[in-house]
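Peer 1: Under my numbering, the residue at position 10 of the sequence shown is numbered -6, and the numbers go up by one with no gaps.
Dumping the structure here so I can ask a few things about it.
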Amino acid sequence: MFNVTGCLDIKRLSGIWCVELHFVALRYVQLFIDYSRFIGYRCVELHFVSLRYVQLFIDYSRFIGYRCVELHFVALRYVQLFIDYSRFISYRCVELHFVALRYVQLFIDYSRFIGYRCVELHFVALRYVQLFIDYSRFIGYRCVELHFVALRYVQLFIDYSRFIGYRCVELYFVALRYVQLFIDYSRFIGYRCVELHFVALRYVQLFVDYSRFIGYRCVELHFVALRYVQLFIDYSRFIGYRVCKLMEGHHFVISPSYSLDPEVDGHTDIVNKHVSGLAKLEQIKNLGSN
């Protein structure tokens, strides 16, 4: 007689093992879902962090733009001071020029006075002393000589004052030339600042586009993860259904004792079913071991 208690234990063990595998699969599915949610949250968090850095970059570019405009106006302020200073120099030069002309006029008047005085002394000499005529002539010649020397120095003074005037005008135009160069340089600084500002905005746009790409990519990966989770759930269900299907239909005949001999007690049909059941049980065991 053959006892099938061991077969029942194997059947129960196989059922418990299948259920256990099913719950283990569900457990890993839950872990996978939690991990995919963590990835999604992390992606969203990184997306907002990137947006925060984009905002900081935009604020910094605006600060650069404001600073450039501020420097541009400071440059214009110094240009205005330079123009005012050059005007002051030109006014001062003209003032000095007229002062020089005033002293030239005084020098001419003084030289005329000397000439008149010399002529007066000359006639006095002629009036009082005839013998003094030769001496007075010498004095007269000397006075005329001194008079022309004075005129010569007056002419030199006039030429020098003209040279000062020309030099002042030349310096004035040189100052205006440097003012123009300073204005052109300040404009170049302004244009360069604006150019750098737009370059900064261009990189900000690239950063925004890249952060959006990261966000889209994260969402795409999140949905891909959910797709694989769904496949894993479907596969675990398929395993569960397959195990249950394999377990169905294997109803063993429970008998306290029977003979394996077909000729004994007329149990031929039972023995045949039993042998067929053992073969299927062996297949189930092999399936479980694999």
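The beta carbon of each residue, even a glycine, is placed where N, CA and C say it ideally should be.
Excluding sequence positions up to five away, which residues of its chain have a Cβ less than 8 Å from the Cβ of Q39?
Peer 2: Counting only Cβ-Cβ distances below 8 Å, and skipping sequence neighbours, we find nothing.
Peer 1: Cα separation between D193 and F47?
Peer 2: Roughly 22 Å between the two C-alpha positions.
Peer 1: Compare the Cα-Cα distances from F157 to each of V58, E29, R71 and report the closest residue.
Peer 2: Nearest of V58, E29, R71 to F157, Cα basis: R71.
Peer 1: Of the residues R196, F222, Q214, F57, which one's Cα is nearest the Cα of R36?
Peer 2: Looking at the Cα atoms, R196 is the closest of the given residues.
Peer 1: Whole angstroms is fine: what's the gap from R278's alpha carbon to Q139's?
Peer 2: For the chain, the structure presents residues -15 to 274; residue 278 sits outside this window and is missing.
Peer 1: Going by C-alpha distance, which of E54, E29, D218 is nearest R171?
Peer 2: It is E54.
Peer 1: Grab me the residues of E79's own chain with a C-beta within less than 6 Å of its C-beta, minus the 5 sequence neighbours each way, in chain order.
Peer 2: Same-chain partners within the cutoff: there are none.
Peer 1: Pull up the distance between the alpha-carbon of Q214 and that of Q14, whole angstroms please.
Peer 2: Their backbone Cα atoms lie some 11 Å apart in a straight line.
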